[in-house]
Structures are given as structure tokens and as C-alpha cells.
Amino acid sequence: SQDLDPVELRLLRQMVPEGENDLFFVGDAHQRIYGQPVVMAQCGIAIRGRAAKLRINYRTTEEIRRWSTEVLAGAAVDDLDGGQDDLAAYHSLMTGIPPTVRSFASAAEEMAFVLGEIGTLREAVELERICIVARSHRYLRDEILPAVRAAGIPFLLLEADTPDYAGSGVRLATMHRVKGLEFEHVFIAGMRAGVMPPAWAVTEADLLRERCLLHVAASRARETLTVTGWGKMSALV
Numbered sequence: 029s030q031d032l033d034p035v036e037l038r039l040l041r042q043m044v045p046e047g048e049n050d051l052f053f054v055g056d057a058h059q060r061i062y063g064q065p066v067v068m069a070q071c072g073i074a075i076r077g078r079a080a081k082l083r084i085n086y087r088t089t090e091e092i093r094r095w096s097t098e099v100l101a102g103a104a105v106d107d108l109d110g111g112q113d114d115l116a117a118y119h120s121l122m123t124g125i126p127p128t129v130r131s132f133a134s135a136a137e138e139m140a141f142v143l144g145e146i147g148t149l150r151e152a153v154e155l156e157r158i159c160i161v162a163r164s165h166r167y168l169r170d171e172i173l174p175a176v177r178a179a180g181i182p183f184l185l186l187e188a189d190t191p192d193y194a195g196s197g198v199r200l201a202t203m204h205r206v207k208g209l210e211f212e213h214v215f216i217a218g219m220r221a222g223v224m225p226p227a228w229a230v231t232e233a234d235l236l237r238e239r240c241l242l243h244v245a246a247s248r249a250r251e252t253l254t255v256t257g258w259g260k261m262s263a264l265v
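Position one of the sequence shown corresponds to residue 29 (this note's numbering), numbered consecutively onward.
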């Protein structure tokens with residue numbers, strides 16, 4: 029519910045008469061990548077005293093959870109009702125290896141590393157359980173897709189209207205597209221200055237949204253997370 033705007037929330041309130049257990053929402057403002065903060069009470073939806081925090085992470089390892097949480101360290105994130113929220117006391121039930129962060133001299137070196145890692149993984153893992161993620165469609169199209177194709181690795185480009193289960197192959201997707209999905213192994217590529225965050229992201233709200241976007245992308249990984257870039261690395265990592 030974190031990406032619903034006031035108009036949408038008020039519409040829901042009008043559609044469903046107020047009463048006991050009338051509406052059920054699940055939301056996490058740390059994963060807000062569209063829109064602006066809203067106060068649900070101002071939209072006619074009373075959640076104060078009726079909300080519960082789910083603090084156990086069942087998807088990722090504790091190491092990946094910590095890394096994706098640190099991306100938001102110090103950020104002021106709302107609780108969907110006018111207050112502030114934090115990620116204190118959250119924890120994962122699984123443990124694993126720490127995320128890998130690597131910088132390279134060129135895009136070619138970066139992709140050679142990523143594809144080499146995938147080549148090793150595919151000996152034991154189905155390719156559709158692996159996803160390469162990029163900040164933008166352009167980076168995905170110009171840098172990642174040609175390298176994957178040249179390596180002869182089967183892939184599925186997840187467009188806005190492409191079902192994530194439509195065929196085999198490594199998944200290629202933008203950070204926005206992977207929201208709501210999960211993969212055993214995630215590679216976030218192209219973490220360069222000027223790319224993530226984009227050069228146009230200059231306001232505090234812009235930068236917070238970019239941090240939330242990276243948090244979302246990183247937390248798609250269940251077992252391993254690898255973050256790569258070339259040249260000057262993003263300040264977010």
C-alpha cells in the first residue's frame with residue numbers, strides 16, 4: 029500500500045463502508061518507489077492502534093537483509109500514518125554469505141565477471157532462479173543484454189507486461205520491474221556514479237527514492253547478492 033496515492037486511498041474508503049475489519053493493508057514505506065508519503069488517517073482510513081509490525085524476514089539471509097537495510101541508514105521514512113518508522117529489531121531466519129561488491133575498469137570486465145559467476149551457478153541452479161538487475165532500461169539494453177546474448181546464455185527480458193514465469197533463462201530486469209519478485213541469486217549491475225542514482229536525482233526526495241529503489245532490488249535476493257559497477261562507483265554502495 030506504500031505506493032497508493034491519496035486519491036486511490038480515498039476511493040477505496042468510498043467503495044468500502046467503514047466498519048470492523050473493513051479494509052486490510054500491507055505496506056512498507058521503505059519500499060516506496062513511486063509517489064509521495066501519505067497519511068492514511070487523512071484519507072479516512074484509521075490504522076492507529078490497529079496496525080502490527082512484521083519484523084521477521086523470511087526471504088533473504090540476515091547478511092543480505094543487513095546490506096539492503098544499510099542502504100537506508102539515517103533516512104527518515106514514514107509509517108504510512110504521519111509518524112516515523114525504522115528497521116530496528118527486524119531480522120532474518122536464514123544466514124549465508126555476505127553480499128559481494130566489485131568494481132571494474134570497464135563495462136566489458138564487469139559483464140565478464142557477472143557472466144562467469146552465472147556460468148558457475150548454472151551448474152547447480154536453474155537459470156530462471158537468477159536475475160541481473162539494472163537501474164534503467166537503457167543500461168539493461170545497451171550493456172547487459174548484448175553481453176548475455178553474446179555469451180550464449182538463455183535469457184528472458186522482463187518487460188512491464190512480461191510474466192516472470194514465461195519461459196526459461198536468466199531474468200533481465202530493471203529495479204522497478206523486480207519489485208514483488210524474488211530470486212535465489214541477484215546481480216545488480218551498472219552501479220556507477222551518474223547511473224545510480226541518476227544525474228537528475230538532486231533533491232532529498234529524489235535521493236531517498238533512489239535509496240529505496242536499491243533497497244527493493246537488493247532485497248529480492250534469497251541466497252546471494254552481487255553488486256557490480258565500473259569506473260567511479262555509485263555513492264550508494
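All residues carry an ideal CB built from backbone N, CA and C; glycine is no exception. Model, not experiment: these values are computed from the prediction.
Check	Outcome
Boundaries of the alpha helix (DSSP H) in which Gly257 is found, first to last residue	Element bounds for Gly257: not the alpha helix (DSSP H) but the beta strand (DSSP E), 249 to 258.
Within the segment 146 to 219, ranges of the alpha helix (DSSP H) (whole runs, at least 4 residues)	173 to 178
Per-residue burial, Glu138 [other beta carbons within 10 Å of its own, 16 or more giving buried]	buried
Integer Cβ distance of Thr10 from Thr123, believed to fall under 8 Å	Because the chain in this structure spans residues 29 to 265, residue 10 falls outside the shown range and cannot be described.
C-alpha gap between Arg177 and Phe183, whole angstroms	8 Å
Where Phe132 sits in the DSSP three-state scheme	strand
Proximity of His213 and Ala245 at Cβ, strictly below 8 Å	no
Trp95 versus Arg78, His119, Arg205, residue with shortest Cα-Cα distance	His119
Three-way DSSP call (helix, strand, coil) for Ile92 in this model	helix
Separation of Tyr86 from Arg76, as counted between CA atoms	26 Å
Rounded distance between the beta-carbons of Arg199 and Phe211, thought under 8 Å	7 Å
Bounding residues of the alpha helix (DSSP H) (the contiguous stretch that carries Leu241)	232 to 246
Pair within 8 Å by beta-carbon distance, Trp258 and Ala135	yes
Proximity of His204 and Val99 at Cβ, strictly below 8 Å	no
Under the three-state DSSP convention, the category Met68 falls into	helix
CB-CB length for Val66 against Leu37, believed under 8 Å	6 Å
Same chain, Cβ closer than 6 Å to Met224, neighbours up to 5 away in sequence not counted	Arg163, Ser262
Option in Thr202, Cys159, Gly195, Ala194 with minimal Cα separation from Glu238	Thr202
Same chain, Cβ closer than 7 Å to Leu235, neighbours up to 5 away in sequence not counted	Pro225, Ala229
Buried or exposed (CB count within 10 angstroms, at least 16 for buried), Arg78	exposed
Chain-order list of residues whose beta-carbon lies under 7 Å from that of Ile84 (same chain, five-residue window excluded)	His119, Leu121
Inter-residue spacing [alpha-carbon to alpha-carbon] between Gly197 and Glu154	8 Å
Three-state secondary structure assigned by DSSP to Leu264	coil
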